[in-house]
Amino acid sequence: MVDVPHTVKAFDDELAALQTKILRMGGIAEANVAAAVQSVIRRDRQLADRTIVADQRIDAFDGEIADLVTRMLALRQPMAQDLRMIVGALRLANDLERIGDYAKNIAKRSIAIGVSAPQQPMHAIPRMGDMVLTMIKDVLDALANRDPERARSVWARDPALDELYNSVFRELLTYMMEDPRTITACAHMLFIAKNLERIGDHATNMAETIHFAIVGARIDGERPKADVTAEMSAPGKDA
Amino acid sequence: MVTTDQAQPKPVVMPLDGPVKIAARGVNLWYGAKQALFDVDLDVGANQVTALIGPSGCGKSTFLRCINRMNDTIPTARVVGDIRLDGEDIYSPAVDVVHLRARVGMVFQKPNPFPKSIYDNVAYGPRIHGLAESKSHLDDIVRFSLERAGLWKEVADRLPQPGTGLSGGQQQRLCIARAIAVSPEVILMDEPCSALDPIATARIEELIDDLRDNFTIAIVTHSMQQAARVSQRTAFFHLGILVEAGPTEQIFTSPLDQRTQDYVTGRFG
Amino acid sequence: MTDIAEKPDVAPPLASAARRAQVARRLKKRYAAEARFRFLGLLAVSVAIAFLVLLVGTQLIQGVPAFLASKLEISVTLDPAKIDPDGTGDPKVIGDANYRDLLLSALQTRFPEAQDRRQRRDLLGLVSTNATYDLRDMVLAEPALIGQTVTISVYTDDVVDLYRKGKIEVGDPDAKLSDFQVQALAQLEADGALYTTFNSALFVNSASREPESAGLLGAVVGSLLTLVVTLGIAFPLGVAAAVYLEEFAPKNRWTDLIEVNINNLAAVPSIVFGLLGLALFLNLFGMPRSAPLVGGLVLSLQALPIIIIAGRAAIKAVPPSIREAALGMGASRIQTVSHHILPLSMPGMLTGAILGMAHALGETAPLLMIGMVAFVADVPAGFTSPATVLPVQIYLWADFPERAFVDRTSAAILTLLVFLLLMNATAIYLRKKFERKW
Chain A
52 MVDVPHTVKA FDDELAALQT KILRMGGIAE ANVAAAVQSV IRRDRQLADR
102 TIVADQRIDA FDGEIADLVT RMLALRQPMA QDLRMIVGAL RLANDLERIG
152 DYAKNIAKRS IAIGVSAPQQ PMHAIPRMGD MVLTMIKDVL DALANRDPER
202 ARSVWARDPA LDELYNSVFR ELLTYMMEDP RTITACAHML FIAKNLERIG
252 DHATNMAETI HFAIVGARID GERPKADVTA EMSAPGKDA
Chain B
51 MVTTDQAQPK PVVMPLDGPV KIAARGVNLW YGAKQALFDV DLDVGANQVT
101 ALIGPSGCGK STFLRCINRM NDTIPTARVV GDIRLDGEDI YSPAVDVVHL
151 RARVGMVFQK PNPFPKSIYD NVAYGPRIHG LAESKSHLDD IVRFSLERAG
201 LWKEVADRLP QPGTGLSGGQ QQRLCIARAI AVSPEVILMD EPCSALDPIA
251 TARIEELIDD LRDNFTIAIV THSMQQAARV SQRTAFFHLG ILVEAGPTEQ
301 IFTSPLDQRT QDYVTGRFG
Chain C
113 MTDIAEKPDV APPLASAARR AQVARRLKKR YAAEARFRFL GLLAVSVAIA
163 FLVLLVGTQL IQGVPAFLAS KLEISVTLDP AKIDPDGTGD PKVIGDANYR
213 DLLLSALQTR FPEAQDRRQR RDLLGLVSTN ATYDLRDMVL AEPALIGQTV
263 TISVYTDDVV DLYRKGKIEV GDPDAKLSDF QVQALAQLEA DGALYTTFNS
313 ALFVNSASRE PESAGLLGAV VGSLLTLVVT LGIAFPLGVA AAVYLEEFAP
363 KNRWTDLIEV NINNLAAVPS IVFGLLGLAL FLNLFGMPRS APLVGGLVLS
413 LQALPIIIIA GRAAIKAVPP SIREAALGMG ASRIQTVSHH ILPLSMPGML
463 TGAILGMAHA LGETAPLLMI GMVAFVADVP AGFTSPATVL PVQIYLWADF
513 PERAFVDRTS AAILTLLVFL LLMNATAIYL RKKFERKW
């Protein structure tokens, strides 16, 4: 950390330990998301199984971080940036835990799709996956380097991800209407895309949390939202 | 070290939303040749609790003591600047310091009841200022003040006993009762809980919050948690300079000045 | 900003067995030094106590016998022909009668064998010279006794008293006892007419040349009157000065100068105050000599610095929190002083005053200068009548040649010590009684 050290040195150590835990948890979550996307693309069942098991480590980290945060709140009575960072850590752990859950869900669905024929929209899922992964990576870097600008850039990327999801949604709807036999696989695909979109939302949450923890102010402006699928109906009906 | 001629960052003072009770402008104070306060500009809002925090020797107590001119009792102290109570300059020759102290009461760090009975402690102020018209009126004032300080139930049956026989927390509430017996407009508190245990502290804090309806309160405290709990506005002093003043929740979650940040997070002081 | 986190340049010494042994050795040395110091302290206290015991002990051994006196019981026939032959009842006539003769005839009745002048003189020499005056006073007080035979107790002569106490032997150059007197005493002793009793003369009589009737009453009253004047002047002045210096005076070079001078004044030899009193009160103002008023004035000059110093210390001891509380309540300075500072410092001031008074009580030298050394046989009637004080009385008695005054000097010293003890006890009592918990 670049700051002046605390008078109570143990507090600095605890803060450092907390950040390390978040970053390690983030690293595992990132790897799990990557593995889950790969298992979908490559129809790799073993990889999917490993990913599902690896989620337990994320959950374990979540518990550890919650304990550490509780302990620090009770013993150190943090104020100002320390308070923001410690409370933020709790939220980051929560977001990462959710990201892990979505990765696990993606891995499970990859197993379900495995038996079905290869699907058309396979080009969109890797793209979404790449986008989500860079978001997670950048947001963790923003935390590690105390870089509010990088956090802000992650936050700004969410609409692009939403756009991508919207297009995948439309595309899958079209497939399902064309060929009802693909509905099962397409529905799984739809959920996978949705899960990736949700992971992006959590990464955006994390960006906001990190920005607030570092700067003490929220990212200016309304949160960009481009997921319009809720207002969509089946294409062709009213088009 | 910070020296006088070194350019200081401007203090970050968030404007007060609400009526101003005490307005200090350009307050400088010297103890002999040593300057203890540098150009302090601070408003204390009416009917709210303003906490003054900062490391030891930062001038927060000194500033508090300027408000009721307790620094007058120190022969070497010299105050320059303008402090207005409801717009009236309290350092003007027209202001009688005895009258000022009746308007601006004070509670000290160490509970300091007079070695007299509980009744006489509370009745002292009304007596010297001639506020009571009769014995029964004085009784009423004493009773009301003790009730207001949350002490009546505990001492109602032993008013003639010495005030020094009470517990520390009770003594401090007795001192608060003594201060409010003269119906001041402002109550200054100089680390009122530093000599008390946590339970007694909690009772005083509860009382402070309660008194806010009728009085304007300025409190010096070393405990940031206490400042956070009782005050609506917090001012951070460092080396005789007002560094930052603003709403309490802002000072303790997102202070704007790095020195405030370092202090409230326990990085110095 | 403070660099608390900065690492010290020198690493702290590591704990090791050698180091622990070194510490243990030093510890032993430290304990030995502490024990030595304790022993020295105890020794000092013991020496002081030994000297005190020596002083009080010798005075007790010498002085206690003086509290007892020998008395002789004899029957005196108050012959009207000798006292008031014409039966006028006129006190002047009664007072002028020859009581010595009456006493002598009473003694002769007891010892008919004494016929020659020398033996008669020896008989009279057994009783106090003042016995004739005592007899006269008795008759004057109650003229109805004339014509009766009364049994009276009279003090024996001091030599007889000393002889009976075994302080002098027959043949001693001081013991002017003839063989006839020794025989007579043995007979009287056998009769039970000669007995030992409490020497009340010591406390109800004033000074006298005759040891057996010499008393301290005049000196005690003189001392009390003097102390009343001293207290009445020194206490209010001292308290006022202390309060002013502590609470009101600005702290500058002048007050520093005053403080230094007050401290110096407390150390000025007391004789200097006596000379001042002589020059100022007697010569300049023409006040009466030997008077308790002047003595009190001189002693108050001497007690003043002590009271001021004690008073300032007592005021300083009042916690500043009380002062702040009063000022914070809007009390003015004089209210703060009169409502809080004075009542709280009063026990300390009183203690100081009493110690100052005790000091004054024991003072002799300045009083010598203003004539209080004169022999005063009466109890002083007021502040301006001639008087003497206890320590001066001791000084005078110590100078008298009669052996019996040696005892009485010690008795007077013991009395003075008791007075001092009482005053100091009062001081402690006051301090305890008014001691407050702040």
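Going down the list, the sequences are from chains A, B and C. Those letters in the first sequence? Residues 52 to 290, by the working numbering. Those letters in the second sequence? Residues 51 to 319, by the working numbering. Those letters in the third sequence? Residues 113 to 550, by the working numbering. The C-beta atom is built at its ideal place from N, Cα and C for all residues, glycine as well.
| task | Below 7 Å CB to CB, which residues in the same chain sit around A:Ala105 once its five sequence neighbours on both sides are set aside? | result | Ile79 and Asn83
| said: Given a cut-off of 8 Å on the beta-carbon distance, is the pair A:Val88 and A:Ile176 in contact? | reply: It is a contact, given that the beta carbons lie within the stated cut-off.
| field | Residue closest to C:Val410, alpha-carbon to alpha-carbon, out of C:Arg435, C:Ser433, C:Ala422 and C:Gly483 | value | C:Gly483
| query | Should B:Ala83 be flagged as near chain C, meaning a C-beta pair shorter than 8 Å? | reply | Not an interface residue.
| Could you give the uninterrupted runs of the alpha helix (DSSP H) lying entirely in the region 447 to 519 of chain C, keeping only those of 4 residues or more? | Whole alpha helix (DSSP H) segments, 4+ residues: 454 to 473, 477 to 481 and 502 to 511.
| From C:Val271 to C:Pro323, what does the alpha carbon distance come to, in whole angstroms? | 9 Å
| So is C:Trp366 buried or exposed if we call it buried at 16+ other beta carbons inside 10 Å? | exposed
| What residue does the alpha helix (DSSP H) around A:Ile83 start on, and which one ends it? | Per the sequence shown, the amino acid found at residue 83 of chain A is Asn instead of Ile. Note, A:Asn83: alpha helix (DSSP H), Lys60 to Arg93.
| task | Compare the beta carbon distance of C:Ile258 and C:Ile195 with 8 Å and say whether it is the shorter of the two. | result | yes
| is_contact[B:Asp331, chain A] using C-beta, thresh 8 Å | Because chain B is modelled from 51 through 319, residue 331 of chain B falls outside the range shown and cannot be assessed.
| query | Does the beta-carbon of B:Met64 have 16 or more other beta-carbons within 10 angstroms, so that it is buried, or is it exposed? | reply | exposed
| said: For B:Gly296, list the residues DSSP reports as bridge partners. | reply: B:Thr284
| request: Name the one or two DSSP bridge partners that B:Thr266 has. | output: B:Val236
| field | Within chain C, the residues that B:Phe158 reaches when beta carbons sit closer than 8 Å | value | Ser433, Glu436, Ala437 and Gly440
| task | Compare the C-beta of A:Gly267 against all C-beta atoms of chain B and say whether one is closer than 8 Å. | result | Answer yes: the Cβ-Cβ gap between A:Gly267 and chain B drops below 8 Å somewhere.
| said: Give me the chain A residues within the contact set of B:Thr271, using Cβ-Cβ distance strictly less than 9 Å, ordered along the chain. | reply: Within 9 Å Cβ-Cβ: nothing; B:Thr271 doesn't reach chain A, min ~14 Å.
| request: Going by DSSP, name the residue or residues bridged to C:Thr263. | output: C:Ser187
| said: For a quick check, are the C-beta atoms of A:Tyr216 and A:Met179 less than 8 Å apart? | reply: Judged by their CB atoms, A:Tyr216 and A:Met179 are nearer to each other than the 8 Å cut-off.
| said: On the criterion of 16 or more Cβ atoms from any shown chain inside 10 Å, does B:Thr112 qualify as buried, or is it exposed? | reply: Buried: at least 16 other Cβ atoms inside 10 Å.
| When the distance is taken between beta carbons, is C:Leu180 closer than 8 Å to C:Leu214? | no
| query | Which chain B residues sit within Cβ distance under 8 Å of C:Lys363? | reply | Pro125
| request: Throw me the rounded Cβ distance for the B:Val270 and B:Leu114 pair, which I believe falls under 8 Å. | output: 5 Å
| request: Say whether the region 433 to 453 of chain C touches the region 466 to 485 of chain C, bearing in mind that this needs 3 or more beta-carbon pairs closer than 8 Å, one atom from each stretch. | output: The region 433 to 453 of chain C, when compared against the region 466 to 485 of chain C, does not touch it at the 8 Å Cβ threshold.
| query | Alpha carbon to alpha carbon, how far is C:Val159 from C:Tyr541? | reply | 28 Å
| query | Could you check where the beta strand (DSSP E) with B:Met156 kicks off and where it finishes? | reply | Val154 to Val157
| Between C:Pro478 and C:Phe385, which are expected to be in contact by the criterion C-beta below 8 Å, what is the C-beta distance as a whole number of angstroms? | 5 Å
| message | So with CB distances below 8 Å, who are the chain B contacts of C:Leu456? | response | Pro165
| request: Please name the residue or residues paired with B:Trp80 in a DSSP beta bridge. | output: B:Trp80 pairs with B:Gln85 and B:Arg128.
| request: Mind listing the chain B neighbours of C:Ala443? Cutoff is C-beta to C-beta under 7 Å, in chain order. | output: Result: Ile178.
| message | Assuming the contact rule is C-beta atoms closer than 8 Å, A:Met76 and A:Ala158 should be a hit. Round their C-beta distance to whole Å, please. | response | Going by Cβ atoms, the distance from A:Met76 to A:Ala158 rounds to 18 Å, so no, they are not a contact pair.
| Are the Cβ atoms of C:Arg232 and C:Leu216 separated by less than 8 Å? | yes
| Is the distance from the Cβ of C:Asp420 to the Cβ of C:Ala486 below 8 Å? | First, the amino acid is wrong: residue 420 of chain C is Ile here, not Asp. No, these two residues do not count as a Cβ contact at 8 Å.
| query | Are B:Phe302 and B:Val293 closer than 8 Å when you measure CB to CB? | reply | Pairing B:Phe302 with B:Val293 gives a Cβ-Cβ distance that is not under 8 Å.
| query | By Cβ distance below 7 Å, which residues in the same chain neighbour B:His179 in space, the five residues on each side in sequence not counted? | reply | Ala152 and Val232
| query | Listing by chain order, which chain A residues have their CB less than 7 Å from the CB of B:Pro305? | reply | Ala131
| message | Can you tell me whether B:Arg134 is helix, strand or coil according to DSSP? | response | Three-state result, B:Arg134: strand.
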